[in-house]
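Remarks on the structure that follows.
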Amino acid sequence: MASQLSAFLSELRQRRVFRVAIVYAGVAFIIFQIVDATFEPLHLPDWASTLIIIILVLGFPVAVGMAWAFDLTAEGLVRAKIKREPTAAKAQHHIVIGNKTLAVIALLAVIAAAWSWLREPSPDGAPIRSIAVLPLDDLMGDPAEDYFVEGMHDAIISNLSRLSALTVISRTSAMLYKDSDLRVPEIARELGVDAIVEGSVLKAGDRVRITAQLIHGATDEH
19 MASQLSAFLS ELRQRRVFRV AIVYAGVAFI IFQIVDATFE PLHLPDWAST
69 LIIIILVLGF PVAVGMAWAF DLTAEGLVRA KIKREPTAAK AQHHIVIGNK
119 TLAVIALLAV IAAAWSWLRE PSPDGAPIRS IAVLPLDDLM GDPAEDYFVE
169 GMHDAIISNL SRLSALTVIS RTSAMLYKDS DLRVPEIARE LGVDAIVEGS
219 VLKAGDRVRI TAQLIHGATD EH
């Protein structure tokens, strides 16, 4: 029984079912946030948001089932073969959902979470209208990965800048506070912003973890 379970889990990993499930869940979370943030201001009917949620929920088993039954290759979708041999030649033809894809999903989740935070009033009751994203902490300690961390920082700033109701401080100004010993309220005061986003990036093997937190400049509270 244990060997059968082990073989089944191995087949799930080989067919990348787990990764498809993670990516789908991440995208669904982002869509949930967009629906929650936009449908009421746009005066869309309640049934529309309910329909989207139902479609996303029903789509999960479909996506997982497709990942189990088919392989996504350079030639398109092909039916998966049972007990495939993972040879190097075959591996080159698979389109792998790897670190970059998972990082993008994590990044979009951070942006969606930030949008959710920004919709909430600050502890002192004042709305958040301006923000600065501090350089992300590199928890990997590998100079070769600096480009990856800087890319995530640029992407967060770029995506937040698309929110018309929010003023985002430029990357050049934010980079001046890399490894700074100043407290968040002092940085916020010098930059003239209502809130600060700080976070970290850690990549180990095929896993990427991006953490971010919104700190109110006036109160130094999360």
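Heads up: take any position in the sequence shown, counting from 1, add 18, and you land on this note's numbering. Beta carbons: idealized from backbone N, C-alpha and C, even for Gly. Just so it is clear, the structure is predicted and the values come from calculations on it, not from any experiment.
Among residues of its own chain, excluding the 5 on either side of residue i, which ones have a beta-carbon nearer than 6 Å to its beta-carbon?
i: D238; result: V202, P203
i: L178; result: V186
i: R180; result: none
i: V167; result: L154, D156, V219
i: D64; result: none
i: D164; result: none
Would you mind working out which of the options sits nearest residue i, comparing C-alpha positions?
i: A236; options: P145, R37, V41; result: P145
i: P244; options: V38, S191, V167; result: The question about residue 244 has no answer here: the residues shown for the chain are numbered 19 through 240.
i: Y42; options: I72, P63, G77; result: G77
i: V45; options: S198, V75, D164, Q231; result: V75
Apart from the five residues on each side of it in sequence, which residues of its chain come closer than 7 Å, Cβ to Cβ, to residue i?
i: D172; result: R189
i: I73; result: none
Are residue i and residue j close, meaning C-beta to C-beta below 8 Å?
i: P153; j: K196; result: yes
i: I70; j: I40; result: no
i: A150; j: I174; result: no
i: I228; j: M170; result: yes
i: L209; j: S182; result: no
Measuring only the C-alpha atoms, how far is residue i from residue j?
i: H112; j: R147; result: Because the pLDDT at H112 is just 41, under 50, the model does not fix this residue reliably, and the value given afterwards should be weighed accordingly. Their backbone Cα atoms lie some 45 Å apart in a straight line.
i: H234; j: I205; result: 11 Å
i: D155; j: S218; result: 4 Å
i: A81; j: L62; result: 28 Å
i: S67; j: D199; result: 45 Å
i: G83; j: F47; result: 20 Å
i: G159; j: S176; result: 25 Å
i: Q231; j: E216; result: 6 Å
i: A162; j: R207; result: 34 Å
Can you tell me whether residue i is helix, strand or coil according to DSSP?
i: E239; result: coil
i: R147; result: coil
i: I187; result: coil
i: G217; result: strand
i: D172; result: helix
i: R227; result: strand
i: D212; result: coil
i: H234; result: strand
i: D156; result: strand
i: P161; result: helix
i: S198; result: coil
i: P104; result: Confidence at P104 is low in this model, with a pLDDT of 47, below 50, so the placement of that residue should be treated as unreliable; the coordinate-derived value is given next. If DSSP states are grouped into helix, strand and coil, P104 belongs with coil.
Can you name, in chain order, every residue of its own chain whose Cβ lies under 8 Å from the Cβ of residue i, other than the five neighbours on each side?
i: V211; result: S148, I149, A150, T185, I187, G235
i: M193; result: P153
CB of residue i to nearest heavy atom of the ligand COA: below 7 Å?
i: I175; result: As presented, the structure is devoid of all ligands, the ligand COA included, so that no description of it is given.
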